[in-house]
Structures are given as C-alpha cells and as structure tokens.
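Residue numbering for the sequence shown follows my numbering, starting at 441 and increasing by one per position.
Reading through the structure tokens given below for one structure.
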Amino acid sequence: MAVLSNSIACRRRAAVLAPCVALLCAALIAATAARPDEPPPDSVGIIDGEAISVSGPMSVEVVRGQVKTVLRSGSDVRVKSGAARIDLVEGGQISICGPAHLSVLKSGGSLTIALDTGTIHVHIERDLPLTVYTPQIQAQSVATGEAPRDLLVCFNTPGAMCFRANRGAVRVEPQ
C-alpha cells in the first residue's frame, strides 16, 4: 500500500511540475527572441522631425518611452518644412533643412543618399563610406586620417547647388 501511495504522489508531482517546466522554457525562449542584440543590417538610423513623411522600408520602435521611426535601406524621406535629423546607426547624424526630398540606401557597409531637393549636413564619426547623388553631381565624402567627416550638400530645383567639406574632403563628379 505504501508503494502505491508513493507512486501516486510521484505522478501528482510530475503532473504539476511538467507544465511549470514547459511554461518556464517558453518564457525563456520568448525573452531571448524579444531581445534584439543589434539592429538589422539594413537599418540606417532614427529620424526625428516635426513636418516629415517617410515611405518605403521603415519600422517604428519605442525608445526610452518615445515612439521613434527607424529608417531602413530604401526609405524615402520628405521634410515639408523646418528641419529633421537622422541619428545614424554607425554613429553620426544627418541634418536636413526643408523643404527637402531624399532617399537613403545602405549596402555593403556604405551609405548612399539620393538628394532630389533640399539641404543636408552630414557628420560622420566613424569609417562609413558615404556618397550623395543629386540630379547633376555625385559627391563622395573622403576621410583625412582618423578624424570625423563633415559634409554639406544642397540642391534646389532651378539647378542651384552647393557642396562643402567642413572636415575631411569631398570628391565631386558629374552625373
């Protein structure tokens, strides 16, 4: 009789313990999957601005209690008025003065900005290859040593354009 009651007690413990173990395993798997260690490789950066619209690949995340738009390769950005800022994943930022229209592409560790209209001021802290295309020119930021790079490019519809390297150099070629 004692052997029978011990067997029943073991079965009861197992019946209670098995769902608890399964629930614990499921919680550990969910916690591991929900914790992103690094952004996807096509993430460009977080954009912030008051009169902006973004189309194409992007995602929306909550960062420190605030909703942020994460640009991905192929995102199309319009700054209707005022200013916007993109904090780059690799470090640095792009300030945009509106009205402006641009697209961002990221491939093979390099960043390409297709500037249709407007003014951008790019500050890059690390070794990130950067090329800016306008309808008339191609401007490529060139590092001088280990120093950060700082580049200003503007293009307006009538064809007026400007480009300047505040830090580093710029290589300009016609389109």
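Beta carbons: idealized from backbone N, C-alpha and C, even for Gly.
Q) Should threonine 574 be labelled buried (16 or more other beta-carbon atoms within 10 Å of its own) or exposed? A) buried
Q.
At the level of alpha carbons, what is the spacing between valine 612 and isoleucine 577?
A. When rounded, the distance between both Cα atoms is 7 Å.
Q.
Output needed for valine 529: all residues of its chain with C-beta closer than 7 Å, excluding positions within five of it in sequence on either side, in chain order.
A. Pro479, Ser483, Val484, Gly485
Q: Count the C-beta pairs between the segment 562-571 and the segment 516-525 that are closer than 8 Å, then say yes if the count reaches three, no if not.
A: no
**Q.** DSSP-derived helix/strand/coil call for leucine 570
**A.** Annotated three-state conformation of leucine 570 is strand, per DSSP.
(Q) Just list the residues that DSSP pairs threonine 552 with in beta bridges. (A) Leu545, Thr571
Q. Taking leucine 555 as the reference, which of Cys594, Ile564, Pro588 has the closest Cα?
A. Cys594
Q) Based on Cα-Cα distance, which residue from Gly505, Val500, Val519, Arg504 lies nearest to arginine 512? A) Val500
Q) Which full runs of the beta strand (DSSP E) of 3+ residues lie inside the segment 580-615, going along the chain? A) Taken in chain order, the whole beta strand (DSSP E) runs of length 3 or more contained in the segment 580-615 are 589-595, 601-607, 609-614.
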